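Protein chains in written order, with the working numbering: chain P, 1 to 214; chain Z, 215 to 428.
Where is the CB? At the ideal position from N, CA and C, for every residue including glycine.
Please read all numbers here as calculations on a predicted model, not as lab measurements.
Data first, discussion second: the structure below is written as structure tokens.
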DNA sequence: ACCCTCATTGCACAATCGTATAATTGGCTG
DNA sequence: CAGCCAATTATACGATTGTGCAATGAGGGT
């Protein structure tokens, strides 16, 4: 007579936490902060709302964890891009190119990042993650630039790194939110030539690239 | 015995609409989309929630109007910046400089803009406003660039305009969200030199600038 | 000076939010 | 195989959300 309880599997804590975090990120990317409700997150993760409070002290706590996970993933992806390169110029080109093509340059990612902005402002822990991630990006960019002849001094490398980072971020933003306004590979090409102009060096053309016939 | 009704003034329709739109923008800038509830908006505008539905068919309708108002204001501000300039190089410098200092470069503005991103995705009308505004910015930038010697062809001016626009947007984003990471006037200086490098021309130093002692 | 109209208020409503907590049941332990 | 503990479900609760609608009074037209 009474509705029967749904069956379930016990999962290790880490796996559950990751599943809930992944669900929260997905929903936030698709529909913004308002779409990432505890019920929607639980359903997406294949569980029930109550479980969220078992693994996270509050929804804000889950939001914090989701933000940190997103930032860590983005950092890891861009690090991997430069890992295969041998000389700094090649690393620079790979860094720029991978930042300006999918899956990094993507509308859902831009909106996901944007959706966190107001949380970041309020939560000190999230603000620290934000600042550390941005400065981490910039410092790695600055290190690559400083290894080029004539740019050794920090007073020279710093503004160049800020400028190059801005080019990447700006193109990432526009290419992600308005993909129809650019031709295939155009954003990436413009990014490479802009960085070349700012640094006064020649950058090798895009290393790999999925094919596409015209 | 019963609580007495609050007194009120009748206002012309346009003034009421503007007041409600301004209140919605303020709240959205301060606390994100979740802070801009109908009750909070009404209170900020000095009225009551019911009145919102008298001037706007729904809250989404008010959100649409607020987005259009914000974009129009930003467009108008940047247009005014280039109006005083005589030659195109000076106009370009003014365009870059005003975009990278207050009140345009401001954390609340960046967060306000970011807060609209998910609404823009869903609402076709807002998407059109977004695209038209971005392309408007870019086209005016491209027109200024095309008036420089050697950049007359659109195939040359277009990628340069996209790159310069990206520099401005990226610096606007970073300078707005992490103001403590930059020295006074640094963002503006970097923007001008980056655009100079991309276009291969010399840009005049920042026209005016509020003083500040070290 | 009165009246009529509509801008404005006040309130009620269903839906949905995050949260708290009791009831169950999966799965390791002895 | 029995039993216990904690991972998980289910349900309830108060607060808040956008919205619908009737009552009201401000202020211009006559």
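Here's the rule I'm using: 16 or more other beta-carbon atoms within 10 Å means buried, otherwise exposed. How should residue 262 (chain Z) be labelled?
exposed
Note down, in chain order, every chain Z residue with its Cβ under 9 Å from the Cβ of residue 134 (chain P).
388, 391, 392 and 395
From residue 55 (chain P) to residue 335 (chain Z), what distance separates their C-alpha atoms?
32 Å
Anything in chain Z within Cβ reach of residue 167 (chain P), meaning under 7 Å, just list it in chain order.
377, 380, 381 and 384
Please say whether residue 51 (chain P) and residue 24 (chain P) have beta carbons closer to each other than 8 Å?
no
Under a three-way DSSP split, which group does residue 105 (chain P) fall into?
coil
Within the 8 Å Cβ cut-off, does residue 149 (chain P) reach chain Z?
no
What number of angstroms, rounded off, separates the C-alpha of residue 226 (chain Z) from the C-alpha of residue 220 (chain Z)?
19 Å
Here's the rule I'm using: 16 or more other beta-carbon atoms within 10 Å means buried, otherwise exposed. How should residue 356 (chain Z) be labelled?
buried
Here's the rule: buried if 16 or more other CB atoms are within 10 angstroms of the residue's CB, otherwise exposed. What is residue 83 (chain P)?
exposed
Closest Cβ-Cβ distance between residue 184 (chain P) and chain Z: below 8 Å?
no
Is residue 114 (chain P) close to chain Z? Criterion is C-beta to C-beta, closer than 8 Å.
yes
Starting from residue 248 (chain Z), find everything on chain P with Cβ-Cβ shorter than 9 Å and list it in chain order.
33, 34 and 118
Between P:64, P:174, P:57 and P:78, which has its C-alpha nearest residue 347 (chain Z)'s C-alpha?
P:174
Inspect the CB distances between the segment 315 to 327 of chain Z and the segment 232 to 249 of chain Z and report whether three or more fall short of 8 Å.
yes
Relative to the C-alpha of residue 102 (chain P), which residue among P:92, P:176, P:156 and P:15 is closest?
Comparing Cα-Cα distances from residue 102 (chain P) to each of P:92, P:176, P:156 and P:15, the minimum goes to P:176.
Alpha carbon to alpha carbon, what distance is there between residue 75 (chain P) and residue 272 (chain Z)?
Looking at the backbone, the Cα of residue 272 (chain Z) and that of residue 75 (chain P) are separated by about 41 Å.
Against chain Z, with Cβ distances strictly below 8 Å, would residue 101 (chain P) count as a contact?
no
Need the endpoints of the alpha helix (DSSP H) that residue 415 (chain Z) sits in, please.
Unbroken run through residue 415 (chain Z): none, as it is neither H nor E.
Which full runs of the alpha helix (DSSP H) of 4+ residues lie inside the segment 61 to 132 of chain P, going along the chain?
Correct list: 88 to 99 and 107 to 122.
Residue 364 (chain Z) and residue 167 (chain P) look like a contact to me (Cβ under 8 Å); what is the Cβ gap, rounded to whole Å?
Actually they do not touch by this definition, with Cβ atoms about 21 Å apart.
Given that residue 411 (chain Z) touches chain P, what residues does it touch there, using C-beta distances under 7 Å?
197 and 198
Give, in chain order, every residue of the segment 17 to 30 of chain P whose Cβ lies closer than 7 Å to some Cβ of chain Z.
none
When you compare only the Cα positions, how much space is there between residue 369 (chain Z) and residue 155 (chain P)?
As the crow flies, the alpha-carbon of residue 369 (chain Z) is around 35 Å from that of residue 155 (chain P).
Would you say the segment 94 to 108 of chain P touches the segment 185 to 194 of chain P, given that touching needs at least three Cβ pairs under 8 Å?
yes
If we ignore side chains and look at the alpha-carbon of each, how far apart do residue 165 (chain P) and residue 4 (chain P) end up?
56 Å
If you measure from the beta carbon of residue 194 (chain P) to each beta carbon in chain Z, is any gap under 8 Å?
yes
Note down the Cα distance separating residue 247 (chain Z) from residue 345 (chain Z), rounded to an integer number of angstroms.
21 Å
Of all the CB atoms in chain Z, is at least one closer than 8 Å to the CB of residue 12 (chain P)?
no
If contacts are defined as beta-carbon pairs under 8 Å, then residue 293 (chain Z) and residue 418 (chain Z) qualify, I think. What distance do you get, rounded to the angstrom?
The pair is not a contact, with the Cβ atoms about 20 Å apart (cut-off 8 Å).
Can you list, in chain order, the stretches of the alpha helix (DSSP H) that have 4 or more residues and sit fully within the segment 11 to 35 of chain P?
13 to 31
Less than 8 Å between the beta carbons of residue 377 (chain Z) and residue 42 (chain P), yes or no?
no
Below 7 Å CB to CB, which residues in the same chain sit around residue 2 (chain P) once its five sequence neighbours on both sides are set aside?
Unreliable placement is indicated for residue 2 (chain P), whose pLDDT of 48 sits below 50; the coordinate value is still reported in the next sentence. Same-chain partners within the cutoff: there are none.
Count the other C-beta atoms from every protein chain shown that fall within 10 angstroms of the C-beta of residue 413 (chain Z), then say buried if there are 16 or more, exposed otherwise.
buried
By Cβ distance below 6 Å, which residues in the same chain neighbour residue 259 (chain Z) in space, the five residues on each side in sequence not counted?
233, 234 and 237
May I ask you to report which of helix, strand or coil DSSP gives residue 391 (chain Z)?
Helix, per DSSP.
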